[in-house]
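>
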Amino acid sequence: MIYKLFYDDKKYLLSRIVGFIVVIICANLVFALFFSSAYSHGGRLRGFFGNPNGLAMFCLFGVLFYEVSRKAVVFLERKSEYLVILGLLVSTLLLTGSRAALFSVIIFYVYVRFVKFSPFLSFLSLVLITVGFDYFSQLGTELVIGLGLSQELRLEGAQGISTASGRLIAWKFAWEEIQNSFYMGRGWAYDEFWIFGPIQRVLNDLNHQG
Numbered sequence: 013m014i015y016k017l018f019y020d021d022k023k024y025l026l027s028r029i030v031g032f033i034v035v036i037i038c039a040n041l042v043f044a045l046f047f048s049s050a051y052s053h054g055g056r057l058r059g060f061f062g063n064p065n066g067l068a069m070f071c072l073f074g075v076l077f078y079e080v081s082r083k084a085v086v087f088l089e090r091k092s093e094y095l096v097i098l099g100l101l102v103s104t105l106l107l108t109g110s111r112a113a114l115f116s117v118i119i120f121y122v123y124v125r126f127v128k129f130s131p132f133l134s135f136l137s138l139v140l141i142t143v144g145f146d147y148f149s150q151l152g153t154e155l156v157i158g159l160g161l162s163q164e165l166r167l168e169g170a171q172g173i174s175t176a177s178g179r180l181i182a183w184k185f186a187w188e189e190i191q192n193s194f195y196m197g198r199g200w201a202y203d204e205f206w207i208f209g210p211i212q213r214v215l216n217d218l219n220h221q222g
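The numbering used here puts the first residue of the sequence shown at 13, with every later residue one more than the last.
#1: For the pair the segment 104 to 119 and the segment 41 to 60, tell me if three or more CB-CB distances fall below 8 Å.
#2: Nearest by alpha-carbon distance to F43: which of S27, V85 and T104 is it?
#3: Select from G54, V96 and I37 the residue whose C-alpha is nearest the C-alpha of F70.
#4: Buried or exposed: which applies to V127, given that a residue is buried once 16 or more other Cβ atoms fall within 10 Å of its Cβ?
#5: Is R82 helix, strand or coil when you go by DSSP?
#6: Can you check which of these residues, I33, A112, Y94 and L138, is closest to G74 by C-alpha distance?
#7: Looking at the strands, I want to know which residues DSSP matches up with S52.
#8: Please say whether V85 and L26 have beta carbons closer to each other than 7 Å?
#9: In angstroms with no decimal places, state the Cα-to-Cα distance between Y121 and F46.
Here's what the structure looks like:
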């Protein structure tokens, strides 16, 4: 049915999917206005997705789907409507505090511009960034710190990059637990029982939010 609808009227189908994405985003924002449980992991918006990264991925794929759909079919939309939809997705993404999703959106728009200018230069820049990833990563971190956005993007502190967003705390405890039964383990899902059971309070006290 969806396959037939796509080929019969792809503009109708794609516009309805974009509308559905917008409704979900708006519902999460309204939910955040009335329920404090919409925030977790140190004030990051999760809405009713349960995890900030889940909502961030939804926003990321929403942006990509919207932009690709606009290229596949010509939406009869005003520029103001385009900016409102894109603004909702990006602003919600910022509220989730997901660095990976945010940088993915930035990279997408940068390469869209690059490809329009020169496909060869865009491919060459991709190769250079891949080869010199460590250098460009450090350069980007220094730029963000210089702009005073390190707190918003969680580059420093207990939830910073150097601590893997606090995951090093959990990894340290997990490695110590592994030593107790290195070869045989403790059975399926034991890590879930252990992390969310007796050790959860200890990790929370150490500011592990991941």
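All residues carry an ideal CB built from backbone N, CA and C; glycine is no exception.
On the basis of the coordinates in this document:
#1: These segments touch.
#2: That would be T104, whose Cα lies nearest to the Cα of F43.
#3: Nearest of G54, V96 and I37 to F70, Cα basis: I37.
#4: Its Cβ having fewer than 16 others within 10 Å, V127 is exposed.
#5: DSSP, reduced to helix, strand and coil, places R82 within a helical segment of the structure shown.
#6: For G74, the nearest C-alpha among the options comes from I33.
#7: The secondary-structure analysis by DSSP pairs S52 across a beta bridge with R56.
#8: Yes.
#9: F46 has its alpha-carbon roughly 33 Å from the corresponding atom of Y121.
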